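Chemist: Take this structure, written in structure tokens, and hold onto it; I'll ask about it next.
Protein chains: 2
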Amino acid sequence: MSDFALHPRLDADTLHVTDLPLCQVRLMNDARYSWLVLIPRRADIREVYELSADDQAQLWKEATILGKAMMAAKAGDKLNLATLGNMVPQLHLHVIVRHETDEAWPGPVWGQGRAVVYDTAQETAMRACITRCLETSGLN
Amino acid sequence: MSDFALHPRLDADTLHVTDLPLCQVRLMNDARYSWLVLIPRRADIREVYELSADDQAQLWKEATILGKAMMAAKAGDKLNLATLGNMVPQLHLHVIVRHETDEAWPGPVWGQGRAVVYDTAQETAMRACITRCLETSGLN
């Protein structure tokens, strides 16, 4: 994994949270949503099927378990899981807890309005929430 | 799986193609994209994590293998895999071959413009393409 390098656009739009066995977990810097991005720490991967079978299984495991824990923690109405990558080719998986009251509901979140960056208190609270989710889910 | 029933909105928007071990494979009736929808044939499932671990693994397997084959068949630029479900709660996974020349690129496909329904010749060709992809991938 030594060749793994984060795409500059992901680096600019998200905040580092932690590293799981496969993925770097990052928080989309947009307080309107509970929106995580998981990036497999593998070099030069664009598509899920370019990962090994074991890595694919680990990617879905990390995303699904973390998503389930976040849904509970945030009392979400629907979990959105998506790998698009039309703008940023580096493989990354969106894990988004949606609420029927959120700004983009029921549409997808991408390209809707402007991001509202976290203030310090919000970011601290969100990091604590994610940490609890990771601990209770046994992912790290 | 006897209780599986397709949501009316999915039934209206998509065309039945085939049934895989877990999922019903349906074609979004929109000739602008090579867009499949996989619906696990399980009753009352909204979230990926409500499926058993085996079913989750099978869902990702069917989506990834079929997506890879469709990417090759359609010379796609990027594969989009997504489960959103904000409008249709029944769990369904979008498998979309994207091209840099398609109408919504680089944005997501949902909610962009109006669907262009397949004419008979287009539908026949697309069904043949999907059948070949399923055969070569060993999924059915």
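One line per chain: the protein sequences are R and P, in this order.
For what it's worth, my numbering labels the leading residue of the first sequence as 88, then goes sequentially.
For what it's worth, my numbering labels the leading residue of the second sequence as 88, then goes sequentially.
The C-beta atom is built at its ideal place from N, Cα and C for all residues, glycine as well.
Since we're looking at a predicted model, the values are computed, not measured.
What's the C-alpha gap between R:Q209 and P:L109?
Modeler: Taking the straight line from one Cα to the other gives about 41 Å.
Chemist: Please work out which residues of its chain come closer than 8 Å, Cβ to Cβ, to P:T188, disregarding the five sequence neighbours upstream and downstream, and give them in chain order.
Modeler: Within the same chain, P:T188 has no close Cβ partners at all.
Chemist: Report the three-state DSSP secondary structure of P:L221 (helix, strand or coil).
Modeler: Three-state DSSP puts P:L221 in a helix.
Chemist: Against chain P, does R:L168 count as a neighbour if the rule is that its beta carbon must be under 7 Å from one of theirs?
Modeler: Yes, contact with chain P.
Chemist: Among R:A215, R:P176 and R:G154, which one has its Cα closest to the Cα of R:A224?
Modeler: One detail in the question is off: residue 224 of chain R reads as Ser in this sequence, not Ala. Closest option to R:S224, Cα to Cα, is R:G154.
Chemist: Shorter than 7 Å from the beta carbon of P:M88 to some beta carbon of chain R?
Modeler: Reliability fails at P:M88, whose pLDDT of 47 lies under 50, so the model's placement of it is uncertain and no value is given.
Chemist: What are the start and end residues of the beta strand (DSSP E) that includes P:M115?
Modeler: That run of the beta strand (DSSP E) goes C110 to M115.
Chemist: Say whether chain R places a C-beta atom closer than 7 Å to the C-beta of P:L153.
Modeler: P:L153 does not count as touching chain R.
Chemist: Looking at chain P, is there any beta carbon in it that lies within less than 7 Å of the beta carbon of R:E134?
Modeler: Taking Cβ atoms only, chain P reaches closer than 7 Å to R:E134, which makes this a yes.
Chemist: Just to confirm my understanding: we take R:V203, look at its own chain, exclude 5 residues before and 5 after, and list those with CB closer than 7 Å. What are they?
Modeler: Only D117, A118 and R119 meet the Cβ criterion.
Chemist: Can you check DSSP and say which residues form a bridge with P:I183?
Modeler: P:I183 pairs with P:W122 and P:N167.
Chemist: Please look up how many angstroms separate the CB atoms of R:W122 and R:I217, rounded, as I've assumed it's under 8 Å.
Modeler: Not really, about 11 Å apart at Cβ, beyond 8 Å.
Chemist: On the three-pair Cβ rule with 8 Å, is the stretch 166 to 180 of chain R touching the stretch 137 to 148 of chain P?
Modeler: Judged by Cβ distances under 8 Å, the stretch 166 to 180 of chain R makes no contact with the stretch 137 to 148 of chain P, as fewer than three pairs qualify.
Chemist: From P:F91 to P:A130, what does the alpha carbon distance come to, in whole angstroms?
Modeler: Each residue's Cα considered, the two are about 4 Å apart.
Chemist: So, are the CB atoms of P:R113 and P:V104 less than 7 Å apart?
Modeler: Yes, Cβ-Cβ distance for P:R113 and P:V104 is below 7 Å.
Chemist: So, are the CB atoms of P:H81 and P:D206 less than 7 Å apart?
Modeler: Residue 81 of chain P falls outside the range modelled here, since chain P spans only 88 to 227, and no answer is possible.
Chemist: Specify, as a first and last residue, the run of the alpha helix (DSSP H) that P:L97 falls within.
Modeler: Per DSSP, P:L97 belongs to the alpha helix (DSSP H) from P95 to D100.
Chemist: Taking only beta carbons into account, state which residues of the stretch 192 to 205 of chain R come closer than 7 Å to chain P, listed in chain order.
Modeler: Answer set for the stretch 192 to 205 of chain R: W192, P193, G194, P195, W197 and G198.
Chemist: Could you please give me the residues that DSSP links to R:P85 through a beta bridge?
Modeler: Nothing about residue 85 of chain R can be read from this structure; chain R reaches only from 88 to 227.
Chemist: Straight-line CA distance for R:L125 to R:T211?
Modeler: Their backbone Cα atoms lie some 19 Å apart in a straight line.
Chemist: What's the C-alpha gap between P:A156 and R:P127?
Modeler: Straight-line Cα distance between these residues: approximately 22 Å.
Chemist: Chain R partners of P:K165, CB-CB under 7 Å?
Modeler: Near P:K165 (Cβ distances below 7 Å), the residues of chain R are G172 and N173.
Chemist: Start and end of the alpha helix (DSSP H) containing R:T151?
Modeler: Counting along the chain, the alpha helix (DSSP H) containing R:T151 begins and ends at A140 to A160.
Chemist: Under three-state DSSP, which class holds P:T188?
Modeler: Note: P:T188 maps to coil in three-state DSSP.
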